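Here the protein sequences line up with chains A and Y, keeping their order. Following my numbering from start to finish, the first sequence increments by one per residue and tops out at 579. Following my numbering from start to finish, the second sequence increments by one per residue and tops out at 579.
Protein chains: 2
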Amino acid sequence: MAERKIQDLFGKPIEVVNMGLATMVEPLKAQNVPVADVDWRPPKDGIKHLRFLKNGRSIDEANEEAVARIKKARPVLIGMGLAKDVIPGYKPNLFLHAGPPITWERMCGPVKGAVMGALIYEDMAKDEAEAEKIAASGKIEFAPCHHYHTVGPMAGVVSPHMPVFIIENKAFGNKAYCTINEGLGKVLRFGGMGPDVYAKLKWLQTDLYPILDAAIRSLPNGIDIKALIAQALHMGDECHNRNRAATSLFLRAIAPALARTSKDNESLAKVIEFIDKNDHFFLNLSMPAGKAAVEPAEGIEGSSIVTVMARNGTDFGIRISCMPDRWFTAPAGMVQGLYFPGFSEKDANPDIGDSTVTETAGYGGFAMAAAPAIVQFVGGTPQDAIATTLEMYEITFSEHEGFTIPVLNFRGTPLGIDIRKVMETGILPKINTGIAHKNPGVGGIGAGILRAPEKAFRDAFDAFSQLCK
Amino acid sequence: MAERKIQDLFGKPIEVVNMGLATMVEPLKAQNVPVADVDWRPPKDGIKHLRFLKNGRSIDEANEEAVARIKKARPVLIGMGLAKDVIPGYKPNLFLHAGPPITWERMCGPVKGAVMGALIYEDMAKDEAEAEKIAASGKIEFAPCHHYHTVGPMAGVVSPHMPVFIIENKAFGNKAYCTINEGLGKVLRFGGMGPDVYAKLKWLQTDLYPILDAAIRSLPNGIDIKALIAQALHMGDECHNRNRAATSLFLRAIAPALARTSKDNESLAKVIEFIDKNDHFFLNLSMPAGKAAVEPAEGIEGSSIVTVMARNGTDFGIRISCMPDRWFTAPAGMVQGLYFPGFSEKDANPDIGDSTVTETAGYGGFAMAAAPAIVQFVGGTPQDAIATTLEMYEITFSEHEGFTIPVLNFRGTPLGIDIRKVMETGILPKINTGIAHKNPGVGGIGAGILRAPEKAFRDAFDAFSQLCK
Chain A
111 MAERKIQDLF
121 GKPIEVVNMG
131 LATMVEPLKA
141 QNVPVADVDW
151 RPPKDGIKHL
161 RFLKNGRSID
171 EANEEAVARI
181 KKARPVLIGM
191 GLAKDVIPGY
201 KPNLFLHAGP
211 PITWERMCGP
221 VKGAVMGALI
231 YEDMAKDEAE
241 AEKIAASGKI
251 EFAPCHHYHT
261 VGPMAGVVSP
271 HMPVFIIENK
281 AFGNKAYCTI
291 NEGLGKVLRF
301 GGMGPDVYAK
311 LKWLQTDLYP
321 ILDAAIRSLP
331 NGIDIKALIA
341 QALHMGDECH
351 NRNRAATSLF
361 LRAIAPALAR
371 TSKDNESLAK
381 VIEFIDKNDH
391 FFLNLSMPAG
401 KAAVEPAEGI
411 EGSSIVTVMA
421 RNGTDFGIRI
431 SCMPDRWFTA
441 PAGMVQGLYF
451 PGFSEKDANP
461 DIGDSTVTET
471 AGYGGFAMAA
481 APAIVQFVGG
491 TPQDAIATTL
501 EMYEITFSEH
511 EGFTIPVLNF
521 RGTPLGIDIR
531 KVMETGILPK
541 INTGIAHKNP
551 GVGGIGAGIL
561 RAPEKAFRDA
571 FDAFSQLCK
Chain Y
111 MAERKIQDLF
121 GKPIEVVNMG
131 LATMVEPLKA
141 QNVPVADVDW
151 RPPKDGIKHL
161 RFLKNGRSID
171 EANEEAVARI
181 KKARPVLIGM
191 GLAKDVIPGY
201 KPNLFLHAGP
211 PITWERMCGP
221 VKGAVMGALI
231 YEDMAKDEAE
241 AEKIAASGKI
251 EFAPCHHYHT
261 VGPMAGVVSP
271 HMPVFIIENK
281 AFGNKAYCTI
291 NEGLGKVLRF
301 GGMGPDVYAK
311 LKWLQTDLYP
321 ILDAAIRSLP
331 NGIDIKALIA
341 QALHMGDECH
351 NRNRAATSLF
361 LRAIAPALAR
371 TSKDNESLAK
381 VIEFIDKNDH
391 FFLNLSMPAG
401 KAAVEPAEGI
411 EGSSIVTVMA
421 RNGTDFGIRI
431 SCMPDRWFTA
441 PAGMVQGLYF
451 PGFSEKDANP
461 DIGDSTVTET
471 AGYGGFAMAA
481 APAIVQFVGG
491 TPQDAIATTL
501 EMYEITFSEH
511 EGFTIPVLNF
521 RGTPLGIDIR
531 KVMETGILPK
541 INTGIAHKNP
551 GVGGIGAGIL
561 RAPEKAFRDA
571 FDAFSQLCK
């Protein structure tokens, strides 16, 4: 088992680490002895520390290379386009979804709802009944966003005529894609259906997209998304479920160009209002920035770093660097969270979305210590937020010097989930996420926190072990 | 002496409070026992806890009324105007300055530089030599900003044709005023002089002011500055020396109106760029919001709450609620800080500016725990920032429920400096501030932290004691 380095907020070792029942340490707490509660489980029997491949290659060296590539990434927003025109390999009948591969039959409610809604948005179906028939007919090809350099929050459905952001990783030249964030509530990405949902999507396509695209393309250097994330982490965001600062910084960065390229100021005002009214607007830039950053770390022989972590609402899945094409899956978990008025846990779909790309890339839930106010959205206390980040250092291979957390004395965020450390410590990645209604058509009903399921990591570890001495 | 309630980050009492030499507790620190270092001095001989006026009025009740009025305040940006047109009682030859009253002869370099620069800006002098002659001639009437419901950062010079923001406290109907923030470096408010300084001031008057004013006035409810401050405190600002989030939120709030009222999109783009390039833009909204909030708390019989705290670079001065017209002054202190390249402590002017209105109103330096990244600008560590806020609870009468600090479990900011507590504890208010060059014409050279001088509080306490049983 790896050495435990639980520290207090300022990097000093905690005197007592409680790795068992909370009641064990109550007397200490009553005397104000600093105690860190860690949701810990004993290491699995037979977990050995893997150091070398059978061919002698060092796993640590491979992992160093993986995290170095992620750190070196420089994701920049360079423009927008329709999915069918800009995503390489796109086909007319291709519909992307979040998470690992899944058939129509096994799709959860919100993904089904989003697929049906997208068919209506595409004018491929006149109503939900027809959409359902077409979706089930086999005429639509479903594939994970991740297979197309794309990420999608929640249901993550991308259809041919949806506008997407284009992020280029200037350090490596690879690109990643993501749709536009529609806001919270009854929206397509949470499985929402209905005329208002389609009308908003159409407005995004006909109004917001061309105005935003013209402004972005007028900037010779694009917009440096990595720099915005780094700043936002100093401004109370973690850039997964809190993007208020990053959305503000994005608007600051784009607004002069919007003014210069705008031909109709009332349309421009509506675009700015749309961004201003949606603190999550930046999520759909934060996510592809993470995808663009992590993709160059895929395919490194001997690396045990998680390069993809995603959920389709039915299955949770990961991919690791040295086996870039293989998914390791497990049933998606249930989220502990805060619900919008009128909804409760019994309405909730299991964990869903590609947004865990942020945790994979070294921010999001792993940087929650930077975002104490997020607990008003996802639940828990500011202490929990700080403890989450401190705990995630236990299962990551490195720290991201480009993304620092002021309250932890500007320590870099936990970067590079190492499946070896996950199995050795028994600590599973902590994710914060939105919650979709389990039925198609309803939409978002809250947000919360959960752990990734162990099985995916165990299966990946077992497969990885086969390669090792 | 009042009970000491030093707490750790999560409100738990600190086990050991070191109120003496740091070396005393080194052995404890080496063993990782949590120790809070407090810059403490023994209470002055003869300080007694004052509870009632001679007429029997309760000081605590008076103070409750004072802080209740500050909390109830609702400062809203309603428009802009030229100082001569909108500040009540303005006269053609009136030049306002920061801090307590001061004659031309005793003014420090940066205030002299700002006065001379303002005379050139006003076309009342053709060059610096003539400006100096006019300033010394007695033809110019100098008065503190605070005597005209106005506040000015650093030198704080306001001249007749400078555009000012108009903040209305919607809860009480009073108004406050402040000029536009010019940015850092060689600018008038730091005493900077030269063609580039005047050109920027002219552009603010001819371009930025009319465009911004039209946008603000197009909003029927104005812009709620209190709400922006409250949000910014959850986004890593303390709204004195860190205003990056608040500046961003202000741009979000005004941008749709700017787009709708703009007649020339290139000018609009330049206005937005000016705001985007100046993270301190919001300071000149944060300050008059504080002034508008605190003024209704002036003149409450028996209240020992500080309602004005300001510096002119020569003298530091306070006024307390029950003696609203009387200044208690002391020599302005020297700032410990970080300097821009090429400058050092020997170039620094003493502490200067009305920006301490933010600490008076319950944010700024007193809310530094909300802004750990500010230490990159003013020096120190994130721990220092948190310790500053915790210490300021010791000398404030209340906590501002409208301004909360996430990392302190959403505790309200320290509100209402009570001169009794300052004298009883020996803890002097901690201020973070910009640093001006001591010579006229140079400008800003850094930022840092200092304590308010004791004499002003002791004199106020002595005068207050005369009224008490």
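Glycine residues also receive a C-beta, built at the ideal position from the N, C-alpha and C atoms. The structure presented is a predicted model; accordingly, all values stated were derived computationally and were not measured.
- The DSSP-derived three-state label of residue 576 (chain Y) is coil.
- Taking C-beta atoms as the reference points, residue 431 (chain Y) and residue 183 (chain Y) fail to come closer than 7 Å.
- Exclusion of the five residues before and after residue 397 (chain Y) leaves 261, 263, 288, 464, 465, 467, 468 as the residues of its chain whose Cβ lies within less than 7 Å of its Cβ.
- A Cβ-Cβ separation of about 30 Å leaves residue 202 (chain A) out of contact with residue 547 (chain A) under the 8 Å criterion.
- Annotation: the continuous alpha helix (DSSP H) that includes residue 305 (chain Y) extends over 305-313.
- The C-beta of residue 478 (chain A) comes no closer than 7 Å to any C-beta of chain Y.
- Leaving aside the five residues that flank residue 459 (chain Y) on each side, the residues in its chain whose CB is nearer than 8 Å to its CB run, in chain order, 218, 219, 220, 301, 423, 545, 546, 547, 548.
- Annotated as proximal: residue 265 (chain A) and residue 299 (chain A), with beta-carbon spacing under 7 Å.
- Shortest Cα-Cα distance from residue 577 (chain A) to any of A:502, A:367, A:412 involves A:412.
- For residue 444 (chain Y), same chain residues with a beta-carbon under 8 Å away, outside a window of 5 residues either side, are 455, 458, 460, 461, 560 in chain order.
- Here the segment 513-527 of chain A lies against the segment 478-490 of chain A, with 3 or more beta-carbon pairs under 8 Å apart.
- At a cut-off of 7 Å between C-beta atoms, residue 358 (chain A) counts as an interface residue with respect to chain Y.
- Boundaries of the beta strand (DSSP E) around residue 509 (chain Y): 506-515.
- Three or more beta-carbon pairs separated by less than 8 Å are not found between the segment 240-253 of chain Y and the segment 321-330 of chain Y, which leaves the two stretches without contact.
- In chain order, 369, 375 make up the part of chain Y whose C-beta sits under 8 Å from the C-beta of residue 372 (chain A).
- Interface flag for residue 378 (chain A) against chain Y is set, since a Cβ pair is found closer than 7 Å.
- The residues 533, 534, in chain order, have a CB closer than 7 Å to that of residue 157 (chain A) in the same chain once the five nearest residues on each side in sequence are set aside.
- Taking C-beta separations shorter than 6 Å and ignoring five residues to either side along the sequence, the partners of residue 526 (chain A) in its chain run 177, 415, 506, 507, 508, following chain order.
- At a C-beta separation below 7 Å, residue 383 (chain A) has these neighbours in chain Y: 366.
- Ranked by Cα distance from residue 563 (chain Y), the options Y:314, Y:489, Y:531, Y:439 are led by Y:439.
- Listed along chain A, the residues sitting closer than 8 Å to residue 346 (chain Y) by beta-carbon distance are 344, 345, 346, 355, 516.
- Inclusion of residue 566 (chain A) and residue 360 (chain A) in the CB contact set at 7 Å is not warranted, their separation being larger than that value.
- If you look at residue 336 (chain Y), you'll find it isn't in any beta strand (DSSP E); it sits in the alpha helix (DSSP H) that goes 335-342.
- Looking at the DSSP output, residue 288 (chain A) bridges to A:275.
- Within 8 Å of the CB of residue 316 (chain A), no CB atom of chain Y is found; the nearest one sits about 18 Å away.
- For the alpha helix (DSSP H) assignment, the uninterrupted runs of no fewer than 4 residues enclosed by the segment 190-232 of chain A are, from N- to C-terminal side, 193-196, 219-231.
- Chain A has a Cβ within less than 7 Å of the Cβ of residue 386 (chain Y).
- Taking residue 419 (chain A) as reference, the option from A:376, A:471, A:371, A:382 with the minimal CA-CA separation is A:471.
- One finds 516, 517 in chain Y with Cβ atoms closer than 7 Å to the Cβ of residue 482 (chain A), taken in chain order.
- Here DSSP, grouped into helix, strand and coil, assigns residue 173 (chain Y) to helix.
- Sixteen is the threshold: when 16 or more other Cβ atoms of the shown chains lie within 10 Å of the Cβ of residue 521 (chain Y), as they do, the residue is buried.
- If you ignore the 5 residues before and after residue 188 (chain A), its C-beta comes within less than 6 Å of the C-beta of 276, 278, 332, all in its own chain and listed in chain order.
- For residue 354 (chain A), the three-state secondary structure derived from DSSP is helix.
- DSSP places residue 295 (chain A) in the coil class of the three-state scheme, outside both helix and strand.
- Here residue 499 (chain Y) is buried. Its C-beta has 16 or more other C-beta atoms within 10 Å.
- For residue 371 (chain A), the number of other beta carbons within 10 angstroms of its own is at least 16, and it is reported as buried.
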